[in-house]
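Visitor:
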Amino acid sequence: MARQREFDRDETLNKALEVFWQKGYAATSTTDLLDAMGIGRQSLYDTFGDKRSLYLEALRRYNEASVNDLLRHLKGDTPLAAIHNMLQAFASRPRRDNVKGCMGVNAISEFGTSDEEVNALRDASAKLLNHAVEAQLRGAAAAGEIAADTDIAQATAFVAATLSGMKISAKAGATIATLRAIASFAVQGLRG
């Protein structure tokens, strides 16, 4: 008879996520994971597969939570206000998150574009967020908040690049006030 699992899978995955987020994939040892997760080696392999499978699942969870948080803040009285609110919400994330940086950006820094599975996770998250930002920008153009002839694809890429830059700036120690100023300046730039 198989032994019943004596730990909460989601909670254990979150503990692994924290280790990978703090140290990255390559610098995280199996021992680091086992210590943080509070489980044995066989339980790790039986439940999550190998270290790489665990990392990909943790990265997927992080990306989903991060994008959902941004989408939750992509609301406002006007479309441009929604974009501003989303950027401001990112700027105001707890310092704990900013010190470790964005796990997605950390993954890009570690793997570049060489890992197809990491790329697929990044691309899926970016596509979801960009689609929502693009819809707000179309609304902003229709409402006259930005020029009607604005290239929406370029404006969407600008917002994505602004957010990426804010993520890297946060990891480098930028203050919340600085990040908020970047967010406001970006929205002013969209207005033209």
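Convert by adding 679 to the 1-based position in the sequence shown; the result is the number in my numbering.
Beta carbons: idealized from backbone N, C-alpha and C, even for Gly.
The model shown is predicted, which means the values in this text are computed figures rather than measured ones.
Rounded C-beta distance between P758 and E824? I'm assuming under 8 Å.
Guide: For the purposes of this step, residue 758 is taken as residue 79 along the sequence shown, with counting starting at 1. For the purposes of this step, residue 824 is taken as residue 145 along the sequence shown, with counting starting at 1. Indeed, because the Cβ distance is near 6 Å, the residues count as touching under 8 Å.
Visitor: Looking at the structure shown, is V866 part of a helix, part of a strand, or coil, going by DSSP?
Guide: The sequence position of residue 866 within the sequence shown is 187, counting from 1. It is helical.
Visitor: On the premise that L738 lies in contact with A695, defined as a C-beta separation below 8 Å, what is that separation, rounded to the nearest angstrom?
Guide: Position 16 of the sequence shown, counted from the start, is the residue given in the question as residue 695. Position 59 of the sequence shown, counted from the start, is the residue given in the question as residue 738. The pair is not a contact, with the Cβ atoms about 10 Å apart (cut-off 8 Å).
Visitor: Thinking C-alpha only, which one of L808, G871, G783 and A836 is nearest K850?
Guide: The residue labelled residue 850 in the question sits at position 171 within the sequence shown. Of L808, G871, G783 and A836, the residue nearest in Cα terms is G783.
Visitor: Suppose the cutoff is 8 Å on Cβ atoms and the five residues either side in sequence are ignored; what does the same chain contact list for E789 look like?
Guide: Numbered from its first residue, the sequence shown carries residue 789 at position 110. Closer than 8 Å at Cβ, skipping near neighbours: G703, Y704 and A705.
Visitor: So, for F686: in the same chain, excluding its five sequence neighbours on each side, which residues have a beta-carbon less than 6 Å away from its beta-carbon?
Guide: Here residue 686 corresponds to residue number 7 of the sequence shown, with the count starting at 1. Contacts found: I718.
Visitor: Which first and last residues belong to the alpha helix (DSSP H) in which T791 is found?
Guide: Taking the sequence shown and counting its residues from 1, the one referred to as residue 791 is at position 112. The sequence as given places Gly at residue 791; Thr does not occur at that position. Taken as a continuous stretch (DSSP letters only), G791 belongs to no alpha helix (DSSP H), as it is neither H nor E.
Visitor: So what does DSSP say about L858, is it helix, strand or coil?
Guide: Residue 858 sits at position 179 when you count from the first residue of the sequence shown. Three-state DSSP puts L858 in a helix.
Visitor: Assign A761 to one of two classes, buried (16 or more other C-beta atoms within 10 Å of its C-beta) or exposed (fewer than that).
Guide: If you number the sequence shown from 1, residue 761 lands on position 82. Its Cβ being crowded by 16 or more others within 10 Å, A761 is buried.
Visitor: Count the other CB atoms within 10 Å of the CB of Q815; is the residue buried (16 or more) or exposed (fewer)?
Guide: Residue mapping note: residue 815 aligns to position 136 of the sequence shown, counting from 1. Classification of Q815: buried, given that the 10 Å Cβ count is 16 or more.
Visitor: Below 8 Å on the Cβ atoms is my contact criterion, and I expect A822 with T829 to pass it. Report the Cβ-Cβ distance as a whole number of Å.
Guide: As a first step, residue 822 must be located in the sequence shown, where it is residue number 143. As a first step, residue 829 must be located in the sequence shown, where it is residue number 150. The pair is not a contact, with the Cβ atoms about 12 Å apart (cut-off 8 Å).
Visitor: What separation, rounded to the nearest whole angstrom, lies between the Cα atoms of T854 and T841?
Guide: In the sequence shown, residue 854 corresponds to position 175, counting from 1. In the sequence shown, residue 841 corresponds to position 162, counting from 1. Looking at the two C-alpha atoms, the distance is approximately 16 Å.
Visitor: Measuring only the C-alpha atoms, how far is L766 from R859?
Guide: Residue numbering aside, residue 766 sits at position 87 when the sequence shown is read from its first letter. Residue numbering aside, residue 859 sits at position 180 when the sequence shown is read from its first letter. Using only the alpha carbons, I get a separation of about 8 Å.
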